[in-house]
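Chains as they are written, first to last, in this note's numbering: chain A, 44 to 373; chain B, 44 to 373. Using N, Cα and C, we set each Cβ at its ideal position, and we do this for glycine too. Have a look at the structure below before the remarks.
Number of protein chains: 2
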Amino acid sequence: MQVLVTGGAGFLGSRLVNALLARGSIVSSSGDEESIDEILVADIGPPAQPFPDDPRLKTRYGDFSEADAANQLVSKNTGAVFHLAAIVSGEAEADFDKGMRINLEGTKKILDACRQQADCPRIVFASSVAVYGGDMPDVLDDMTALTPQTSYGSQKAMGELLVNDYSRKGFIDGRALRLPTIVVRPGKPNAAASSFASAILREPLQGQEVNCPVSRKTGVWLLSPRQVVACFLHAADLASDAWGQSRSVALPGMTVTVEEMLAALTKVAGEGVAARVRFEPDPFIEKIVYGWATRFTTERAEVMGFRADQRFEDVIEAFIEDDLGGTFVE
Amino acid sequence: MQVLVTGGAGFLGSRLVNALLARGSIVSSSGDEESIDEILVADIGPPAQPFPDDPRLKTRYGDFSEADAANQLVSKNTGAVFHLAAIVSGEAEADFDKGMRINLEGTKKILDACRQQADCPRIVFASSVAVYGGDMPDVLDDMTALTPQTSYGSQKAMGELLVNDYSRKGFIDGRALRLPTIVVRPGKPNAAASSFASAILREPLQGQEVNCPVSRKTGVWLLSPRQVVACFLHAADLASDAWGQSRSVALPGMTVTVEEMLAALTKVAGEGVAARVRFEPDPFIEKIVYGWATRFTTERAEVMGFRADQRFEDVIEAFIEDDLGGTFVE
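Pasting the structure below:
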């Protein structure tokens, strides 16, 4: 079968593509494990790290939300779709119409293209904890109302409603995963308010000093890149009836404070590395970050077999192994 | 100022139009009470009861979701919009694409037309308790997750997300009201599963026998036509900052069982009238109705000044007065 990965050249998408290539098979909507003949990567441009040379890999670079593009990505051979392509939170807030076009209308086009196929393909949709916001209970669960306070979060919440209703109608076989903050992200710090959560680990391990703009007690609800890729694959493998009346699930994660992150960094890499983090508060970042939900109960996800990381030290060690070639600057 | 009422020829819309004509003024987004120069009624066709002859009243019949129609309804004079037009639940379920076109895309077109105006108009959006569904807590509140189990409910939930995000961005000044089941509806029984809740009062009062397809213990979460019109007007009058971080609110209502409805009917109209209701269960209707949420806490709405009916007898008496010309068949 063919597997489509939108946003497949991005940070998470490309890891998912590599995991699919390595695994070589996926459970189809018939319930059987089927070998993957082709992985079609759709993204706006090529990945930061080139893909391996693999005859199963096809790439299509361009805007999937334009005109008829979605219909050209999905065909009768499409057995599974991982829909990760999105305008990220900062950009969706700055350019509202672009966010709506890609995150809402683009998602609908992908679902509609799937709906036209005789064999209802499985679709795993990347949603986000950004669907939560505003006045929230101390501990969130799957029955907490979605009251997003960003356009990105609103568009993801609408995407979830589409995935649920299209699935209920039998048009698709969808699954929507609410992703925690992903730590450790490789690359450079960016304008995202969550950037610090990766930067305070990533930069020190590469010998660079870094500022933490929030207090040591700040908690982050997080999941590692390895574990989120495992969750994507697990979501596709699950039988339709494992989802019950909702196709959405908040993925498990762990709540780790900045203090705990640095303690784990000290344990893994030594005091000298952790000492490269300085604390200079940034009121702008603080205001955003202190409004985030940091504590969740994710019983539903756990019963369904989704798993979070077990120890934060493992998250750091996996980053060193996967992104720093196994070494760090002491 | 001009007031636009989409769905203004419908059962609730036409009552709202009459209430606006009678009141003659409405609070504009500037916070001042302004007189209404024009009420523009947009609907697919004329109302069942002709509107009064009033120079302030303009009508535009046609599909507001088509091409540029929304832009022709909203102008710089538009000070308030009541957006009630929708494909109802049964039809949205039977014709998915029509529901999406009117209930989701049409709503977005109305919001976009308003966004283009320099003076951000107030928009009151009619949502529904159909946004709730599936596995729900025993008593619902404003923080209960929206997990609709119909396309209508999904489209209303997406409409609420749009109203919220457009308002947060300052594009519009929106308010979304989740309406309970409206009882007593005038007219004929229809295919809606909730049809019995009005029929078991309406038909006996007109001398007709009627079947109740659900048990006497069945509860209904309801609001009268008079009270919902009062809530629409109150929603438009409220200052923007009364809404806090959410522009959605579940309206107050009352939970009344079939048994309690018939007791009130006996009190108001006598035993002979109530005896016109017979009980023959309909498993199809039962299955739908028993899945509905019947108990809510609506503290947020009450703090904001929204009010439910006080006594169910009043609901029946108002129906006799408003829809039966003050008399009934004993």
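For residue 262 (chain A), which residues does DSSP report across the bridge? In the DSSP output, where bridge partners are listed per residue, residue 262 (chain A) has A:300.
- Considering only residues of the segment 57-87 of chain A, which uninterrupted beta strand (DSSP E) runs meet the minimum length of 3 residues and lie entirely inside it, listed in chain order? Along the length of the segment 57-87 of chain A, whole beta strand (DSSP E) runs at least 3 residues long occupy 68-70, 76-78, 81-86, reported in chain order.
Next on the checklist: Contact criterion: CB-CB distance below 8 Å. Does residue 337 (chain A) meet it with respect to chain B?
Outcome noted: It does not; no Cβ of chain B falls within 8 Å.
According to DSSP, is residue 55 (chain A) helix, strand or coil? helix
So, does the segment 252-269 of chain B touch the segment 323-341 of chain B, judging by three or more C-beta pairs under 8 Å? yes
Contacting residues, own chain, Cβ-Cβ under 7 Å from residue 282 (chain A) (five flanking each side not counted):
74
Q.
Any beta carbon of chain B sitting closer than 8 Å to that of residue 270 (chain A)?
A. no
Next on the checklist: Let me see if you follow: with CB-CB separation under 8 Å, is residue 186 (chain B) close to chain A or not?
Outcome noted: yes
- Under the rule that 16 or more other beta-carbon atoms within 10 Å means buried, what is residue 140 (chain A), buried or exposed? exposed
- Message: At the level of alpha carbons, what is the spacing between residue 308 (chain B) and residue 299 (chain B)?
- Response: So the two alpha carbons sit approximately 12 Å from each other.
So residue 152 (chain A) is in the alpha helix (DSSP H); what residue range does that whole segment cover? DSSP places residue 152 (chain A) inside the alpha helix (DSSP H), whose first and last residues are 150-158.
### Query
Just the Cα atoms here: how many angstroms apart are residue 368 (chain B) and residue 164 (chain A)?
57 Å
Quiz item: Do residue 220 (chain B) and residue 278 (chain B) have their CB atoms nearer than 8 Å?
Solution: Contact: yes.
Closest residue to residue 108 (chain B) among B:247, B:129, B:185 (Cα-Cα distance)
B:129
Can you tell me whether residue 330 (chain B) is buried or exposed, with buried defined as 16 or more other CB within 10 angstroms of its CB? exposed
Item to complete: Report the rounded CA-to-CA distance for residue 121 (chain B) versus residue 158 (chain B), giving the unit in angstroms.
Response: 11 Å
* Asked: Taking Cβ positions, are residue 147 (chain A) and residue 198 (chain A) nearer each other than 8 Å?
  -> yes
Q: Using a cut-off of 8 Å between C-beta atoms, extract the partners of residue 212 (chain A) located in chain E.
A: Within the model displayed, chain E is absent; protein chains A and B are what it includes.
Checklist line | Cutoff 8 Å; reference residue 207 (chain A); Cβ partners in own chain excluding five residues on either side | finding: Within the same chain, Cβ atoms closer than 8 Å to the Cβ of residue 207 (chain A) are found at 217, 219, 289, 290, 291, the five residues on either side in sequence being excluded.
Three-state secondary structure (DSSP) of residue 131 (chain B): coil
* To do: Can you tell me which of the three DSSP states residue 378 (chain B) falls into?
  => Missing from the structure shown is residue 378 (chain B); chain B here goes from 44 to 373 and no further.
**Cross-chain neighbours of residue 288 (chain B) in chain A, by beta carbon under 7 Å** = Listed by position along chain A, the residues whose Cβ is nearer than 7 Å to that of residue 288 (chain B) are 177, 178, 190, 192.
Environment of residue 87 (chain B) [buried if 16+ CB atoms lie within 10 Å]: By the beta-carbon neighbour count (other beta carbons within 10 angstroms, threshold 16), residue 87 (chain B) is exposed.
inquiry  = Just to make sure I have the definition right: I need the residues of chain A whose C-beta is within less than 7 Å of the C-beta of residue 201 (chain B). Which are they?
reply    = 201, 204
Status (buried if at least 16 other CB within 10 Å, exposed otherwise) for residue 56 (chain B)
The C-beta of residue 56 (chain B) has 16 or more other C-beta atoms within 10 Å across all chains shown, which makes the residue buried.
Give the interface partners of residue 216 (chain A) over in chain B, defined as CB-CB distance under 9 Å, in chain order.
The contacting residues do not exist; residue 216 (chain A) stays about 16 Å from chain B at best.
Next item on the list: Given a cut-off of 8 Å, decide if residue 84 (chain A) and residue 51 (chain A) are closer than it, judged by their beta-carbon atoms.
Entry: yes
Bounding residues of the alpha helix (DSSP H) (the contiguous stretch that carries residue 231 (chain A)): Looking at the DSSP string, residue 231 (chain A) is not in any alpha helix (DSSP H), and its letter there is neither H nor E.
Residue-level contact to chain A via CB, residue 171 (chain B), 8 Å cutoff: With 8 Å as the cut-off, residue 171 (chain B) does not count as an interface residue toward chain A.
Comparing the C-beta of residue 233 (chain A) with each C-beta of chain B, is any distance below 8 Å? no
- Query: Should the segment 317-331 of chain B be regarded as contacting the segment 224-233 of chain B, the criterion being three or more beta carbon pairs within less than 8 Å?
  - Reply: A contact is defined here as three or more CB-CB pairs under 8 Å, and the segment 317-331 of chain B fails this definition with respect to the segment 224-233 of chain B.
Answer with yes or no whether the minimum CB distance from residue 254 (chain A) to chain B is below 8 Å. Proximity of residue 254 (chain A) to chain B, defined by a Cβ-Cβ separation below 8 Å, is not satisfied.
Same chain, Cβ closer than 8 Å to residue 214 (chain B), five either side skipped, listed in chain order:
If we look at residue 214 (chain B) and ignore the five residues flanking it on each side, its Cβ neighbours are 154, 157, 158, 163.
(request) Quick one: give me the first and last residue of the alpha helix (DSSP H) that residue 346 (chain A) is part of. (result) 342-346 is the span of the alpha helix (DSSP H), which, as asked, contains residue 346 (chain A).
Would you please state the rounded distance, in angstroms, between the beta carbons of residue 136 (chain A) and residue 195 (chain A)? I believe it to be under 8 Å.
About 7 Å separates the beta carbon of residue 136 (chain A) from that of residue 195 (chain A), a gap short enough to meet the 8 Å contact definition.
Worksheet item: Cβ atoms of residue 186 (chain A) and residue 200 (chain B): under 8 Å apart, would you say?
Response: Against a cut-off of 8 Å, the Cβ pair of residue 186 (chain A) and residue 200 (chain B) comes out as no contact.
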